[in-house]
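A short write-up of the structure that comes next.
In my numbering, the protein residues as written are 24 to 155.
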């Protein structure tokens, strides 16, 4: 009836919205089929990624080393906290085992080019002081 809202037709709403903005590439690209225009944004991303590849590699190395150091710090904190506060060396060694296992798993996943036995040897050198 009279209380129901009326829906404006497109000619009335187009006057309110204006002409809008033109697309970046042009209106014809928006109207083409998807198969005819395969991923222009993907091509742009690949070109830009090639320029940032060395920074990306440096960032990945820094993140891997940073996470390894955080896990080492948590190992030492777990040992000290459980020995001093709780007087429970078994819990400290269990935490050490958990954190060092996580560090080894992350190293195996993040570092390529080294054999696993070399990765375990490098991690053992960092873990050895905590066990002593």
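Each residue gets a CB set at the ideal place from its N, CA and C atoms; glycine is no exception.
Verify the CB distance criterion: does residue 69 have a CB-CB separation below 8 angstroms to chain C?
-> Given the protein chain composition of this structure (a single chain), no chain C is represented.
Any idea what DSSP makes of residue 155, helix, strand or coil?
-> The sequence position of residue 155 within the chain shown is 132, counting from 1. Three-state DSSP puts residue 155 in coil, outside helix and strand.
Could you check which residue in 129, 63, 111 has the C-alpha nearest to that of residue 90?
-> Counting from one through the chain shown, the residue named residue 90 turns up at place 67. Of 129, 63, 111, the residue nearest in Cα terms is 129.
Terminal residues of the continuous alpha helix (DSSP H) containing residue 89?
-> Reading the chain shown from its first residue, position 66 is the one you call residue 89. 76-104 is the span of the alpha helix (DSSP H), which, as asked, contains residue 89.
Between the beta-carbon of residue 119 and the beta-carbon of residue 153, is there less than 8 angstroms?
-> Position 96 of the chain shown, counted from the start, is the residue given in the question as residue 119. Position 130 of the chain shown, counted from the start, is the residue given in the question as residue 153. Contact: yes.
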